[in-house]
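Engineer: Below is one structure. I have some questions about it.
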Amino acid sequence: MKKKFLPLWLLFILMWFLLFIQSGNAQSRGKEITQKSKLIPLSGSYEKTGGSPVSVQTGCIIFCEPAESLKMTVTTDEFMPPEVDLDGSKMSDSGRIYHVMKGGSLRWEISRGWLEKFYSNGIQYKAPLAPGSFKVSALLKEESNYSVMEPEQNALAEHNILGTFVFNVMVMYPFDREGSGVIEGYPIGIYPNEEAEDVREPIASHKQAYKPPRYFIKVTPENAMALVSDHFVLSDFSPLGEKDKEHFIALAPSLVQRLEDILSGLKEKGLNLDTLKIIRGYLSPNEVERLRRKNINIAVFSRSIYGDSATFIIDKNQDDIMDDLNNDKTLDKKDMDIIEEVVQSVESRTKLYGGIGIYYHFYDPVHKDTPCVQIDTRGWHSRWGDSPDEGNAP
Ligand SMILES: [Ca+2]
Ligand SMILES: [Ca+2]
């Protein structure tokens, strides 16, 4: 009888063996999946001529003048790509050519513009003359070799990519102040004349700061949500009534940096914040006119038309009203003082002074009345505001 059955101990060993094979398979499958999905993080930075390196996130917009030249670099903590074969690089004045450089393991792809020079972990890039959005991508690959390909040949085998980084280059639109105040059919309006005999202070003694912006940025539904810094997207700076449409804005890099600095300053004070909510960024002279017709009196020479001013609130609970920052159940001067102190300390630290307007009211056709703060990076000290009882429009 006994001989007809497998011994129990043998059965156990068999079962254990089957389980072992199963779990081994699962483990190797899991390993495969994590290998495929885990990309090596790349850090990117760019440097304009005469400037210092600026760290950016992947996909972040870099604003350029037509044909402006800049150095782009990517690095990784895991390993550095070896030196590239510079003799192998090829330049072209045609935007249609894909430059493909696999320097050791780093490959660069450019949708338009010129590749002027290769470095071990970077390139010197020259933006196109024509305004628009262009992509410069760095791909970290497993194998190494060098080639130049036409886009049609798009045999850019996308396997074995270990990491990617995208520089989102935006060439801005020049603005002709002598023209009719229109860019590509969009009515910006006519800028007030800073050279006029009857201009008052502070315009009279700061004429350079009151010249119309030289370049404008096209905001479209496609690029509206693109990052311009770690915490702000392009359309944060658009007029509230224009956000869903194609339009143009002016935006000073100093303003974006100032808002980032204020946000970190507030976090250092212990406030648990994700971002600042900008309720008024750029206003074109036409937009100022439109608001004036609705009895919202914005100064003719408001910094809002120069792209270096923003009015913001802190609104964690998303009710479009400034939050009670010190949690004393009242929204008053004490809350506004917290923000004002931070802006002042950012000004002193950076030595870039500007405006601070503390408002208890905000008037806008499409936004709730709320206490708010207006700041700008005009370059000199300026203070203003209203009181809780009577409001002036920022
Ligand atoms: Ca709120
Ligand atoms: Ca309070």
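Going by the numbering used here, the sequence shown wraps up at 482, each residue one higher than the last.
Even glycine gets a Cβ: it sits at the ideal position worked out from N, Cα and C.
#1: Taking the alpha-carbon positions, what's the G473 to H449 distance?
#2: Taking a cut-off of 5 Å, which residues have a beta-carbon closer than that to any heavy atom of ligand 1, in chain order?
#3: At a threshold of 6 Å, does D318 count as lining ligand 2 (C-beta to nearest heavy atom)?
#4: What is the DSSP secondary structure of G329, counted as helix, strand or coil?
#5: Give me the Cα-Cα distance between G147 and P309, rounded to the nearest whole angstrom.
#6: Can you tell me the Cα-Cα spacing of E289 and R195, whole angstroms?
#7: CB of N414 to nearest heavy atom of ligand 2: below 6 Å?
#8: If you count every other CB in all the chains shown that lies within 10 Å of the CB of S293, and 16 or more means buried, which is it?
#9: Is T163 near ligand 2, with its Cβ less than 6 Å from a heavy atom?
#10: Assuming L227 and P154 are in contact, meaning their beta carbons sit under 8 Å apart, how far apart are those beta carbons, in whole angstroms?
#11: Can the beta-carbon of K214 be found less than 7 Å from the beta-carbon of S157?
#12: At what residues does the beta strand (DSSP E) containing K355 begin and finish?
#13: Could you check whether the Cβ of D423 sits closer than 6 Å to any heavy atom belonging to ligand 2?
#14: Could you check where the beta strand (DSSP E) with D464 kicks off and where it finishes?
#15: Consult DSSP for M97 and reduce its assignment to one of helix, strand or coil.
#16: Can you tell me the Cβ-Cβ gap for L339 and L364, rounded? I've got them flagged as a contact below 8 Å.
#17: Rounded to a whole number of angstroms, what is the C-alpha to C-alpha distance between Q345 and K126?
#18: CA-CA distance, F389 and T399?
#19: Kindly identify the DSSP beta-bridge partner or partners of E135.
#20: Expressed to the nearest angstrom, what Euclidean distance is found between the alpha-carbon atoms of S323 and L315?
#21: Could you check if G442 is buried or exposed, using at least 16 other CB atoms within 10 Å of its CB as the buried criterion?
#22: Just reading off the alpha helix (DSSP H) that R391 is part of, what are its end residues?
#23: CB E209 to CB T252, shorter than 7 Å?
#24: Let me make sure I understand the geometry here. Which of Y394, G467, W202 and K357 has the alpha-carbon closest to that of K299?
#25: Rounded to whole angstroms, how far is the Cβ of G277 from the Cβ of P373, which I believe are closer than 8 Å?
#26: Looking at ligand 2, does it come within less than 6 Å of T418, judged from the CB to the closest heavy atom?
#27: Determine which residues share a DSSP beta bridge with C152 and list them.
#28: Can you give me the Cβ contacts of Q123 inside the same chain, cut-off strictly under 8 Å, excluding the 5 residues immediately before and after it?
#29: Taking a contact to mean a Cβ-Cβ separation below 7 Å, would you say Y303 touches M258 in this structure?
#30: Is S317 helix, strand or coil when you go by DSSP?
Structural biologist: Let's see:
#1: Answer to the nearest angstrom: the Cα atoms are 10 Å apart.
#2: Spelled out in chain order, the answer is D403, N405, D407, I409 and D411.
#3: For D318, the shortest C-beta to heavy atom distance toward ligand 2 is 6 Å or greater.
#4: In the structure shown, G329 sits in a helix (DSSP, three-state: H, G or I).
#5: Looking at the two C-alpha atoms, the distance is approximately 16 Å.
#6: Approximately 54 Å between the Cα atoms of the pair.
#7: For ligand 2, at least one heavy atom lies less than 6 Å from the Cβ of N414.
#8: Burial is judged here by how many other beta carbons sit within 10 angstroms of a residue's own beta carbon; S293 has fewer than 16 and is exposed.
#9: Taking non-hydrogen atoms of ligand 2 into account, the C-beta of T163 is found less than 6 Å away from none of them.
#10: No, L227 and P154 are not in contact; Cβ-Cβ is about 27 Å, not under 8 Å.
#11: Closer than 7 Å, so yes.
#12: DSSP places K355 in no beta strand (DSSP E) but in the uninterrupted alpha helix (DSSP H) bounded by P341 to E356.
#13: Taking the Cβ of D423 as the reference point, at least one heavy atom of ligand 2 falls within a distance shorter than 6 Å.
#14: Here the beta strand (DSSP E) through D464 covers C460 to D464.
#15: Before going on, a small fix: residue 97 reads as Trp here, not Met. Judged by DSSP in its simplified three-state form, W97 adopts helix.
#16: The pair is not a contact, with the Cβ atoms about 15 Å apart (cut-off 8 Å).
#17: In this model, Q345 and K126 are separated by some 31 Å (Cα to Cα).
#18: When rounded, the distance between both Cα atoms is 16 Å.
#19: By DSSP's assignment, E135 forms a beta bridge with K159.
#20: Approximately 9 Å, taken between the alpha carbons.
#21: When all chains shown are included, G442 counts as buried.
#22: Careful: R391 lies outside any alpha helix (DSSP H) and carries neither H nor E.
#23: According to the sequence provided, residue 209 is Asn. The question's Glu does not apply to it. In this structure, N209 lies away from T252, with their beta-carbon atoms at least 7 Å apart.
#24: Minimum Cα-Cα distance from K299 among the listed residues Y394, G467, W202 and K357 corresponds to Y394.
#25: Going by Cβ atoms, the distance from G277 to P373 rounds to 3 Å, so yes, they are a contact pair.
#26: In this structure, the C-beta of T418 approaches ligand 2 to less than 6 Å from one of its heavy atoms.
#27: According to DSSP, which records beta bridges pairwise, C152 is partnered with V259.
#28: Confidence at Q123 is low in this model, with a pLDDT of 43, below 50, so its placement is unreliable and no value can be given for it.
#29: No, these two residues do not count as a Cβ contact at 7 Å.
#30: S317 sits in coil when the DSSP states are folded into three classes, being neither helix nor strand.
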